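Heads up: take any position in the sequence shown, counting from 1, add 8, and you land on this note's numbering.
Ideal Cβ placement from N, Cα and C applies to all residues, glycine included.
None of these values were measured; they are calculated from a predicted model.
Let me begin by presenting the structure, written as structure tokens, before commenting on it.
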Amino acid sequence: MPFLPASYQKISEELSAKQVTLVAVSKTKPNEDILEAYHAGVRDFGENYVQELLAKHESLPKDIRWHFIGHLQRNKVKYIAPFVYLVHGVDSRSLLVELNKQGAKINRRISCLLQVHIAKEETKFGLDENELTGIMDEIAASPENFSHVQVRGLMGMASFTADHEEVRREFAFLRQLFLQCKKRPGIDASFDTLSMGMSGDYPVALSEGSNMVRIGSLLFGERTYS
Ligand SMILES: *Cc1c(COP(=O)(O)O)cnc(C)c1O
């Protein structure tokens, strides 16, 4: 299914009124679809697979801001480090350390979000509250060890369920963690991003304070694989 300007129009109006950033999730979608969205004004695109992201980054306009939203393996950080705009899925201390290491090599400060596990499903990646606190403590105690990463905020994925109240609780929990982190000593205004909400649950995420949504199928149509 091609990119649907109508749904983009509706979503982007709703989001810009709330100053929420739309990340158009283009994984598995061909360059033509991305260009169609690009010509409609979209500049933020989200991808889950490193190889696919590299190919698209090579061939598409250079002013696209590429968000890596998938699970990132440490040995692949070096490939995307030079250009990735924001890494949403930092789900371990060791991945953050690797991002910092690769950033240092090329003298670039890589922006990232810490991914928190908020869903009931076991399968989704992410830090638990204690791990999050541990990382935040460590950054505060030794900022010099993290000088080539910039933690811009938090990201989370809610349970895949029709139970809106459960989804709401999970997003509310993430927002509360976000606000707690923001208040910590040493955390400055650059910690400003709360990435939550996808095609199926973004209205709930918005009402729970999200300021960045990652929307794929609603814009580009269903994926044949994911
Ligand atoms: C695929 C994906 C999305 C977009 O999902 P849709 O349901 O198609 O909007 C958002 N976030 C992450 C982390 C994803 O992997």
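Any non-hydrogen atom of ligand 1 within 7 Å of residue i CB
i, result
"Ser207", "yes"
"Ile223", "yes"
"Lys70", "no"
"Lys35", "yes"
"Leu122", "no"
"Leu23", "no"
"Ile19", "no"
"Gly78", "yes"
"Met204", "no"
"Met165", "yes"
Beta-carbon proximity list for residue i, same chain, < 6 Å, skipping 5 on both sides
i, result
"Ser218", "Leu202, Met204, Gly205"
"Ile143", "Arg101"
Separation of residue j from residue i, as counted between CA atoms
i, j, result
"Met220", "Leu94", "12 Å"
"Met9", "Glu40", "For Met9, the pLDDT reaches just 46, beneath the cut-off of 50, and the residue's location in the model is therefore unreliable, although a value from the coordinates is still provided. Whole-angstrom Cα-Cα distance: 12 Å."
"His172", "Leu214", "13 Å"
"Leu107", "Tyr16", "33 Å"
"Arg117", "Glu152", "12 Å"
"Pro176", "Ser207", "First, the residue type needs correcting, since residue 176 is Arg and not Pro in the sequence shown. Cα to Cα, Arg176 sits roughly 15 Å from Ser207."
"Leu122", "Gly134", "8 Å"
Beta carbon proximity, residue i to chain D, threshold 8 Å
i, result
"Gly97", "The question asks about chain D, but that chain is absent: this structure has only one protein chain."
Within 8 Å, strictly: CB atoms of residue i and residue j
i, j, result
"Thr169", "Thr36", "no"
"Ser167", "Glu139", "no"
Closer than 7 Å: residue i CB and nearest ligand 2 heavy atom
i, result
"Ile42", "With respect to ligand 2, the structure offers nothing, as its ligand set consists of ligand 1."
8 Å Cβ shell around residue i - same chain, five flanking residues per side excluded
i, result
"Glu21", "none"
The stretch 176–187 touching the stretch 147–167, judged by at least three CB pairs closer than 8 Å: yes
Three-pair Cβ contact test at 8 Å for the stretch 39–58 versus the stretch 69–89: yes
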